[in-house]
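Q: Taking our numbering, the leading residue of the sequence shown gets 1026, the next gets one more, and so forth.
Just so it is clear, CB atoms sit at the ideal spot from N, CA and C, and this is done for glycine as well.
Model, not experiment: these values are computed from the prediction.
Questions regarding the structure given below will be posed in turn.
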Amino acid sequence: MTEGRLARGETDTCLKKVPQHRFDLCLTEKALDCSATLYNYFVMERIGYITSAPNLDAVFAALADPTRRAILTRLASGEASVGELAAPFDISQPAVSKHLKILERAGLVERGIDKTRRPARLNPEPMAEAVRWLEAFREFWSSSFDQLDDLLQSMKNSEEGNTK
1026 MTEGRLARGE TDTCLKKVPQ HRFDLCLTEK ALDCSATLYN YFVMERIGYI TSAPNLDAVF
1086 AALADPTRRA ILTRLASGEA SVGELAAPFD ISQPAVSKHL KILERAGLVE RGIDKTRRPA
1146 RLNPEPMAEA VRWLEAFREF WSSSFDQLDD LLQSMKNSEE GNTK
């Protein structure tokens, strides 16, 4: 078997490991694009590009919307019902429910059952995974900004030397 290729009979085992959001993506694509997406996923997983956080795409997609970020900010202070979450916004309760559904799929929100209410509560673990992933780039950005500071300082020094 060559690197990145699936052996006969290995496909079923691998398909069980594919995250649900990859299959959801395939439902919206043509069959050929779907097989390419799944094949790329398997290859990326085998060579180590896919790590333990396959849900990062869903987390960042959920965080991309300002309304969902505001809902998460509200839930950081405690659980709330859909009606309580909808109050500060100029949108309907069904629209807030749709936002909550996206946050639930990303794992950022959990829903409970309390008599007739279904309060939502914040689940911070997926966000912590996203922060850990971003932390890996902190050293890169820090060194890039240090280099920029050095360049600006040298330009300032040379400009001061030319004016004297």
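Along the chain, where does the beta strand (DSSP E) containing residue 1135 start, and where does it finish?
A: It spans 1134–1136 - the beta strand (DSSP E) in which residue 1135 sits, taken as one unbroken run.
Q: The alpha helix (DSSP H) with residue 1146 in it runs from where to where?
A: Per DSSP, residue 1146 belongs to no alpha helix (DSSP H); it is in the beta strand (DSSP E), 1145–1147.
Q: Can you tell which of 1115, 1119, 1127 has its C-alpha closest to the C-alpha of residue 1080?
A: Looking at the Cα atoms, 1127 is the closest of the given residues.
Q: Where DSSP assigns a beta bridge to residue 1142, which residues make up the other side?
A: In DSSP, residue 1142 forms a bridge with 1139.
Q: Just confirm the distance between the C-beta atoms of residue 1087 and residue 1133, as a whole number of angstroms; I'd bet it's less than 8 Å.
A: Confirmed, Cβ separation roughly 6 Å.
Q: What separation, rounded to the nearest whole angstrom, lies between the Cα atoms of residue 1091 and residue 1117?
A: Using only the alpha carbons, I get a separation of about 16 Å.
Q: According to DSSP, is residue 1120 part of a helix, a strand, or is it coil?
A: Reduced to three states, the DSSP call for residue 1120 is helix.
Q: Quick check: residue 1083 and residue 1136, are their CB atoms within less than 8 Å of each other?
A: Taking 8 Å as the Cβ cut-off, residue 1083 and residue 1136 do not qualify as a contacting pair.
Q: Can you tell me whether residue 1112 is helix, strand or coil according to DSSP?
A: In the structure shown, residue 1112 sits in coil (DSSP, three-state: anything other than H, G, I, E or B).
Q: Bridge partners of residue 1161, per DSSP?
A: The partner list for residue 1161 (beta bridge, DSSP) is empty, contrary to what the question assumes.
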